[in-house]
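Colleague: Here you go, one structure.
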Amino acid sequence: MIVSFEVNGEQVTARMTHPGSLLDMLRDDLGLPGSKSACEQGECGSCSVILDGELVCSCLVMAADVEGSSIITVEGVAPRDALHPVQDALLDAGAVQCGFCTPGIVVAAVDLFANNPSPSVSEIKEALAGNICRCTGYGAILRALEGVARGDDS
Amino acid sequence: MTARTVRRTTTHEGGVGQSPARPDGVPKLRGEFEYAQDLKADEMLWAATVRSPHARARIVSIDIAPALAVGGVHACLTADDVPGRAHFGLEHPDQPVLAGDRVNYWGEPVAIVAAEDARTARTAASLVEVVYEPLAPLTDPELADRKDEVFRRLRIRRGDQAARGPVVVEGYYEVGMQDQAPLGTEAGLAIPDGEGGVDLFATSQFVHVDQEQVVASLGLRPGQVRAHPTGIGGAFGAREDVNLHIHLCMLALHTGRPVKMAYHRSESFTGHVHRHPAWLRYRHEADLDGRLVRVEARVVLDGGAYASTTSAVLANACYFVVGPYRCESVAVDGVGARTNNPPCGAMRGFGAVQVCFAHETQMDRLAQALGMDPLLLRELNALERGDPMPTTGQVIETPLPTREVIRSLQAMPLPDDPLGLDPGGLPGGSGLTTEQREVKRGVGYAFGIKNLGFSEGFDDYSQARVRLTAHGAVVETAAIEVGQGLVTVLAQIARSALGITSVEVVHVDTSKIDSAGSTSASRQTQLSGGATLEAATRLRERVLSHFAGDDLDESGVWRGEELIARWPEIGDQEWVETATFRHPPTTAPDENGQGVIHADFAVAGHRAVVDVDVELGLVKVIRIDTVQDVGFAINPSSVRGQIEGGILQGVGLAIMEELVLADGVILNPTFTDYLLPTILDAPDVEALLIEQEGSWGPFGAKGVGEPPTISSTAAVVAAIRAASGKELNRVPVRPQDIALP
Chain A
1 MIVSFEVNGE QVTARMTHPG SLLDMLRDDL GLPGSKSACE QGECGSCSVI LDGELVCSCL
61 VMAADVEGSS IITVEGVAPR DALHPVQDAL LDAGAVQCGF CTPGIVVAAV DLFANNPSPS
121 VSEIKEALAG NICRCTGYGA ILRALEGVAR GDDS
Chain B
1001 MTARTVRRTT THEGGVGQSP ARPDGVPKLR GEFEYAQDLK ADEMLWAATV RSPHARARIV
1061 SIDIAPALAV GGVHACLTAD DVPGRAHFGL EHPDQPVLAG DRVNYWGEPV AIVAAEDART
1121 ARTAASLVEV VYEPLAPLTD PELADRKDEV FRRLRIRRGD QAARGPVVVE GYYEVGMQDQ
1181 APLGTEAGLA IPDGEGGVDL FATSQFVHVD QEQVVASLGL RPGQVRAHPT GIGGAFGARE
1241 DVNLHIHLCM LALHTGRPVK MAYHRSESFT GHVHRHPAWL RYRHEADLDG RLVRVEARVV
1301 LDGGAYASTT SAVLANACYF VVGPYRCESV AVDGVGARTN NPPCGAMRGF GAVQVCFAHE
1361 TQMDRLAQAL GMDPLLLREL NALERGDPMP TTGQVIETPL PTREVIRSLQ AMPLPDDPLG
1421 LDPGGLPGGS GLTTEQREVK RGVGYAFGIK NLGFSEGFDD YSQARVRLTA HGAVVETAAI
1481 EVGQGLVTVL AQIARSALGI TSVEVVHVDT SKIDSAGSTS ASRQTQLSGG ATLEAATRLR
1541 ERVLSHFAGD DLDESGVWRG EELIARWPEI GDQEWVETAT FRHPPTTAPD ENGQGVIHAD
1601 FAVAGHRAVV DVDVELGLVK VIRIDTVQDV GFAINPSSVR GQIEGGILQG VGLAIMEELV
1661 LADGVILNPT FTDYLLPTIL DAPDVEALLI EQEGSWGPFG AKGVGEPPTI SSTAAVVAAI
1721 RAASGKELNR VPVRPQDIAL P
C-alpha cells in the first residue's frame, strides 16, 4: 500500500506492507519516532498530531486515510534551530520529566494556541484533558501554558 | 524555612540550590529523545510473548510448530531453551524465565517468538498451541496465610506488651491494587556481540541487577553481558524487576540477530508488578491526655504468584505501621501472602502508603474518641530526631521535623473561595451531572513517614566517576534517569563541587562502572549524589594541589589573581576520580523486629480540600497543601515536580486507580478502564519545603520522590469523610461507597 501526503511541510510517500495506523507509519516507515505509542486506543494523547488542522490521536487514524493530507508532528512544530513558545515555556517551567507524554502535550498545546491565542485556565485544561502525564501532576504544564496565554516572555 | 547545610561555599551557576533546565529537556520537547521504544538496529528482529490465559494451570503440552511455520519467524523458545538458571527474581530467584510445567498467574510468560516484524511475531505467538489443565486459583491472601503460602512473616514486639490505655480505637482497612502505569511501556533491544555475549538496552531502574539475572539465566560469564541504561518513559517501581530482559537476550543469542520487543499497554499491565493490595487490622490505645500507649496491627499484603520485593515491602509496611508518632508498646504481625494473583512489588511509597491510610484514619478516630483536635493529637505524639522508632526501636539520628510539618501545614491558608459557577469545576466535571446543592466541601489532613535508601542490612552503595576533559567535566554513572531529574541533580552537584559550569552526565553500561544501585527508595540523589560529590571533591583537590592553585573555574586553575593553568591544558591530562558512596550501615531485624533497620527518614504532611457530590458519590479534589522535609532542595523545581506528581498518584489511589481482579484475572488492563488522573482531576498544589541540616546526603539533601505519595491518599479520604460523613475504610473510594447507604 502506498500513501502520499505532506508531513511537516514535506511531501512524502510511504510504502506499507500491512494496513496500520498513522502512528505506526510515522514511527516505523517515515523515521519520525517523536509521536509516542503508550495506549493504542486514543486515551493518553501521547501520539497527538495535527491532521489537516485538526488535533487527532494518530493511533486512531488509519494510515491509508491520510492520502493527500497535511500533517504536523512534534518534529515539525518549530524550525530545527528554534523552539516553539510552548516548548520554551514547558522547558522553563520544569514541565518535562520522563518526557514520554511531552510530544503529545506540545502538539496539543500548539494546536490550542493556534486556534485561541489567549485561552483561559479552564480552556487550557479542557484542551489538555486528552493528554495523560504520569510524572508531573500537570502543575508545571499548566503554569507554563498560562504563561504562554499571558504572552510572558520565556 | 530553617537553616541550610552547605558543605562547600561555592555558589556556582547551575550549581546546587538552583533549578537549571534539564539537559534532556529540549530533546524530549522536540521528540528527539531516544526511548527504549525507539531503538533500532540493522537486521533487527521483533519479539512477542505467549502468555497464560489462566491464573493457575498445569501445562500439558506446548506445540511451537504452528508458530515456526509462519513465514518470517526465526525462533520460538520455551522453558526447555533457557540455557542457565531457570528462575529469576530480585530477592529470591523463584519466578520461571518461561513457565515449565505450570503457570501461576494470568499473563505469565510461556513462550517467546522472534520474527521479521512485530506483526508477524505477534501472529506467530498467537499460534503456539499450549494445552492447559486449569486448576482452581488461590486468590485469597488470608486463605494463603492459613495454608502457609507466604513469602515472609514479620513479627514486631517492642516495649511492655501488657501496656493498656483507657481509650481504644479499632479499625479494619483495605487498599486496592494500584498500577504504576508509566507512560512508556516495557521495551528493549538486545544485540549479540558475535562472541557469545550480548548488549542489552532495556527499560530498567537498576541495570546491574538486570545484568546479574541475565547472566545467571543465560549461563554466561559476567563479562559477556552488558546492560546499558536507556531512555525510559517513567517507572515508579514498575521497572525494578526483570520482565523482557532475559527473553530478549535469549532470542538475540539464539538467532544471532538484534531483537527488539515493546509491550502493548494491556501486556504492560501483566508484564510488571503492581502495588500490593493490603488488608489491615489496627488497635490504638491512648491515655486520657491523648498519648499513644499501645498500637497493635496485623498487616496482610498479597504478593501474588512470585516473590519480587514482597519481603521488603511487607517489612516497610510493618515498620511504618504507627506513622510518624511515638509509642512505647507495639505489636505487629505481618504476612506477605503467595497467591495466584498478579505478582506485586515495588511502587512509589513501598508499603508505607498502605499503612498510612490506616494509621491516619486511626489517628482521626482516636482524636474523635478523645474529643481532641486531630492535629493537636498528632503534635502531642510527634516522632522527632532522638526518639526511638515505635516499631524497631532504632533511634532517629537525622532531622525529622514532624512537629514543624504539622504546625506549618496547619498554618497554610485555606481557600475560602465558594463553589465555582463553572459546572465543569464541580465533582461531576464536564459530564455536568452534579447539582450544586448536592455538593459538600471537606478538609482532611494526613502525615506520613518513609525510609530513604535500602534497609535491613542491604549493602546499599553507588559508584560515580568524574572526569575532566578539555571541555569541562563528565560524570559517569549507571544510575537510571526515569524522568525525576537525576541527570540535572548530578550535574549541579559536580558544578558546585568542582567550581566549573560545563558538566555533562553520561550513562555508561555495567561493564564500565560499578553499580549505582536502584533508582528507587528515594535514594539516588543521596547515594549517587553522594558518590558524585565525593569524586568531584577529590578531583578538585587533586587538580589544585597538582598546580598549587587555590581555585578552579571555567578558565582554569587560579592562584590568587594569577591564572596558572588554562582549561584545555588541564583537560589534556588524565584527571579522573571514582568514588563509591555508602549510607550508614543498617542491620537485619532480630526475632522481635528490632534493629537499626533504616538509613534515613523523611516526613511529610498533606491537607486536602475536596468537593463531594454526596448524592452521586463524585469527588473533585480542589486543592492539596503540603509540607515536606527535604533536608536541602538541590533543585527546587525538580522537588516541586516530584511533589506535584507524587500527590496526583496519591489522589489516583484515593479515588480512581485500581486494578480489578476476578479469579486472578485483571479485568481492566487498558487506559480506558484503568482510570488515571487527567489535568481536569489535578488539584492546585501549594508546597512548603522544610530544610534542616544533618542528613548524610550531599549538602544535607534527603530523597524527595516518595514522601509526596505516602499521605496524600489518606488526606484526600479524610476530606471525603469530612464532607460525606461516611466511614470509608477502603481505597480507592468508589462512588457507591459515598452515595449508597
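So the sequence lines, in the order shown, correspond to chains A and B.
Residue numbers are given in the working numbering: position 113 of the first sequence equals residue 113, and the series is strictly consecutive.
For the working numbering, add 1000 to where a residue sits in the second sequence, where the first one is 1.
We treat Cβ as the ideally placed atom computed from N, Cα and C, and that holds for glycine.
1) Is B/A1003 helix, strand or coil by DSSP?
2) Helix, strand or coil for B/T1009, going by three-state DSSP, please let me know.
3) Taking all protein chains shown into account, decide if B/I1564 is buried (16 or more other Cβ within 10 angstroms of its Cβ) or exposed.
4) Figure out for me which residue from A/G34, A/L30 and A/E54 has the closest Cα to the Cα of B/G1031.
5) Taking a cut of 9 Å between CB atoms, which residues from the region 1182–1199 of chain B lie near chain A?
6) If you measure from the beta carbon of B/R1008 to each beta carbon in chain A, is any gap under 8 Å?
7) Could you name the residues of chain B that A/L83 contacts, counting a contact when the two beta carbons are closer than 8 Å?
8) Which value, in whole angstroms, describes the spacing of the CA atoms of B/H1074 and B/H1254?
9) Name, please, each residue of chain A whose Cβ falls closer than 7 Å to the Cβ of B/S1311.
10) Return the CA-CA distance between B/L1490 and A/A144, expressed in angstroms with no decimal places.
11) Starting from A/L55, trace the beta strand (DSSP E) in both directions and tell me its first and last residue.
12) Got a sec? Which residues, its chain only, sit under 6 Å from A/E40 by beta carbon, not counting five neighbours each side?
13) Using three-state DSSP, classify B/R1058 as helix, strand or coil.
14) If distances are taken between C-alpha atoms only, which option among B/G1084, B/M1177 and B/P1568 comes closest to B/A1662?
15) Where does the unbroken alpha helix (DSSP H) through B/T1709 begin, and where does it stop?
16) Tell me whether the beta-carbon of B/D1625 lies closer than 8 Å to the beta-carbon of B/L1409.
17) Take the Cβ of B/M1389 as the centre, count every other Cβ of all protein chains shown within 10 Å, and call the residue buried at 16 or more, exposed below.
18) Would you decide whether A/V121 is buried or exposed? Buried here means 16 or more other CB atoms lie within 10 Å of its CB.
19) In chain order, what residues of the same chain have a beta carbon less than 7 Å from the beta carbon of B/P1374, not counting five sequence neighbours either side?
20) Taking Cβ positions only, does A/S65 come closer than 8 Å to chain B?
21) Nearest-angstrom Cα distance between A/N115 and B/L1400?
22) State yes or no: is the beta carbon of A/L91 nearer than 8 Å to at least one beta carbon in chain B?
23) Can you tell me which of B/V1175, B/G1303, B/D1333 and B/G1015 puts its alpha carbon nearest to the alpha carbon of B/G1593?
24) One question on the structure: do B/A1021 and B/G1231 come within less than 8 Å of each other, judged by their Cβ atoms?
25) Please determine if the region 1141–1156 of chain B and the region 1648–1661 of chain B are in contact, where contact requires at least 3 C-beta pairs separated by less than 8 Å.
26) Assuming contact is defined by CB atoms lying nearer than 8 Å, are B/G1100 and B/A1079 in contact in what I supplied?
27) Just checking: is the beta-carbon of B/L1648 within a distance shorter than 8 Å of some beta-carbon in chain A?
28) Under 7 Å between beta-carbons, which chain A residues line up against B/Q1394? List them in chain order, please.
29) Give me the DSSP bridge partner(s) of B/P1222.
30) From the DSSP output, which residues share a beta bridge with A/I50?
31) Would you mind reading off the limits of the beta strand (DSSP E) that contains B/P1109?
32) Would you kindly report the start and end of the unbroken alpha helix (DSSP H) that includes B/W1567?
33) Please list, in chain order, all residues of the same chain as B/A1015 whose beta carbon is under 6 Å from its beta carbon, the five residues on each side excluded.
34) Does the Cβ-Cβ distance between B/A1337 and B/L1370 come in under 8 Å?
35) Strictly below 9 Å CB to CB, what residues from chain A border B/T1580?
36) With a threshold of 7 Å on Cβ separation, who are the neighbours of B/T1002 within its own chain once the five nearest residues in sequence on each side are excluded?
Modeller: Reading off the structure:
1) Numbered from 1 along the second sequence, position 3 holds the residue referred to as residue 1003 of chain B. Below a pLDDT of 50, predicted positions are generally treated as unreliable, and B/A1003, at 31, falls in that range; the measurement from the model is reported next regardless. B/A1003 falls in the coil class under three-state DSSP.
2) Along the second sequence, one-based indexing puts residue 1009 of chain B at 9. Because the pLDDT of B/T1009 is 38, which lies under 50, any placement of that residue in the model is unreliable, and the question is left without a value.
3) Counting from 1 along the second sequence, the entry for residue 1564 of chain B is found at position 564. It is exposed - the Cβ of B/I1564 has fewer than 16 other Cβ atoms within 10 Å.
4) Counted from its first residue, the second sequence places residue 1031 of chain B at position 31. Checked all of A/G34, A/L30 and A/E54; the closest Cα to B/G1031 is A/G34.
5) Listed by position, the residues of the region 1182–1199 of chain B near chain A (Cβ gap below 9 Å) are P1182, L1183, G1184 and T1185.
6) As a first step, residue 1008 of chain B must be located in the second sequence, where it is residue number 8. At B/R1008 the pLDDT is 35, less than 50, meaning the model places this residue with poor confidence; the figure from the coordinates comes in the next sentence. Not one chain A Cβ lies under 8 Å of B/R1008.
7) Working through the first sequence from its first residue, we reach residue 83 of chain A at position 83. Residues of chain B passing the Cβ test: V1026, L1029 and R1030.
8) In the second sequence, counting from the first residue as 1, residue 1074 of chain B sits at position 74. In the second sequence, counting from the first residue as 1, residue 1254 of chain B sits at position 254. About 9 Å.
9) If you number the second sequence from 1, residue 1311 of chain B lands on position 311. Ordered by position in chain A, no residue passes the 7 Å Cβ test against B/S1311, which lies about 27 Å from the chain.
10) As a position in the second sequence, residue 1490 of chain B is number 490, starting the count at 1. As a position in the first sequence, residue 144 of chain A is number 144, starting the count at 1. Approximately 25 Å between the Cα atoms of the pair.
11) Position 55 of the first sequence holds residue 55 of chain A. E54 to C57 is the span of the beta strand (DSSP E), which, as asked, contains A/L55.
12) Counting from 1 along the first sequence, the entry for residue 40 of chain A is found at position 40. C59.
13) What you label residue 1058 of chain B is simply residue 58 of the second sequence in a count that begins at 1. Three-state DSSP puts B/R1058 in a strand.
14) Translated into the one-based positions of the second sequence, residue 1662 of chain B becomes position 662. Out of B/G1084, B/M1177 and B/P1568, B/M1177 has the C-alpha closest to the C-alpha of B/A1662.
15) Position 709 of the second sequence holds residue 1709 of chain B. Note, B/T1709: alpha helix (DSSP H), P1707 to I1710.
16) Taking the second sequence and counting its residues from 1, one reaches residue 1625 of chain B at position 625. Taking the second sequence and counting its residues from 1, one reaches residue 1409 of chain B at position 409. Less than 8 Å divides the Cβ of B/D1625 from the Cβ of B/L1409.
17) Counted from its first residue, the second sequence places residue 1389 of chain B at position 389. Its Cβ being crowded by 16 or more others within 10 Å, B/M1389 is buried.
18) Translated into the one-based positions of the first sequence, residue 121 of chain A becomes position 121. Burial call: exposed.
19) Translated into the one-based positions of the second sequence, residue 1374 of chain B becomes position 374. Excluding sequence neighbours, B/P1374 sits near M1363, D1364, A1367 and Y1445.
20) As a position in the first sequence, residue 65 of chain A is number 65, starting the count at 1. Sequence check: residue 65 of chain A is Asp here, not Ser. No - not a single Cβ of chain B is within 8 Å of the one on A/D65.
21) Within the first sequence, the letter at position 115 stands for residue 115 of chain A. Within the second sequence, the letter at position 400 stands for residue 1400 of chain B. When rounded, the distance between both Cα atoms is 50 Å.
22) The residue given as residue 91 of chain A occupies position 91 in the first sequence. Taking 8 Å as the threshold, the shortest C-beta distance from A/L91 to chain B falls below it.
23) By one-based count along the second sequence, residue 1593 of chain B stands at place 593. Nearest C-alpha to B/G1593: B/D1333.
24) If you number the second sequence from 1, residue 1021 of chain B lands on position 21. If you number the second sequence from 1, residue 1231 of chain B lands on position 231. Taking 8 Å as the Cβ cut-off, B/A1021 and B/G1231 do not qualify as a contacting pair.
25) no
26) Within the second sequence, numbered from 1, the residue matching residue 1100 of chain B stands at position 100. Within the second sequence, numbered from 1, the residue matching residue 1079 of chain B stands at position 79. Yes, the pair counts as a contact, with Cβ atoms nearer than the cut-off.
27) The sequence position of residue 1648 of chain B within the second sequence is 648, counting from 1. Output row for B/L1648: interface = yes.
28) Position 394 of the second sequence holds residue 1394 of chain B. What B/Q1394 touches in chain A: nothing, since even the nearest Cβ is about 32 Å away.
29) Within the second sequence, residue 1222 of chain B is the residue found at index 222, counting from 1. The partner list for B/P1222 (beta bridge, DSSP) is empty, contrary to what the question assumes.
30) Here residue 50 of chain A refers to the residue found at position 50 of the first sequence. DSSP output for A/I50 lists A/L55 and A/I72 as bridge partner(s).
31) Here residue 1109 of chain B is taken as the residue at index 109 of the second sequence, counted from 1. Where B/P1109 is concerned, the enclosing beta strand (DSSP E) stretches over P1109 to A1115.
32) Position 567 of the second sequence holds residue 1567 of chain B. Per DSSP, B/W1567 belongs to the alpha helix (DSSP H) from W1567 to D1572.
33) Here residue 1015 of chain B refers to the residue found at position 15 of the second sequence. Contrary to the premise, residue 1015 of chain B reads as Gly rather than Ala in this sequence. The answer, listed in chain order, is Q1492, R1495 and S1496.
34) Counted from its first residue, the second sequence places residue 1337 of chain B at position 337. Counted from its first residue, the second sequence places residue 1370 of chain B at position 370. No, Cβ-Cβ distance for B/A1337 and B/L1370 is not below 8 Å.
35) For the purposes of this step, residue 1580 of chain B is taken as the residue at position 580 of the second sequence. Result: empty, since nearest Cβ-Cβ is about 28 Å, beyond 9 Å.
36) For the purposes of this step, residue 1002 of chain B is taken as residue 2 along the second sequence, with counting starting at 1. With a pLDDT of 32 at B/T1002, under the threshold of 50, the modelled position of that residue is not reliable, and the figure given next carries that caveat. Residues of the same chain with a CB within less than 7 Å of the CB of B/T1002, apart from the 5 flanking positions on each side, are I1690, E1691 and Q1692 in chain order.
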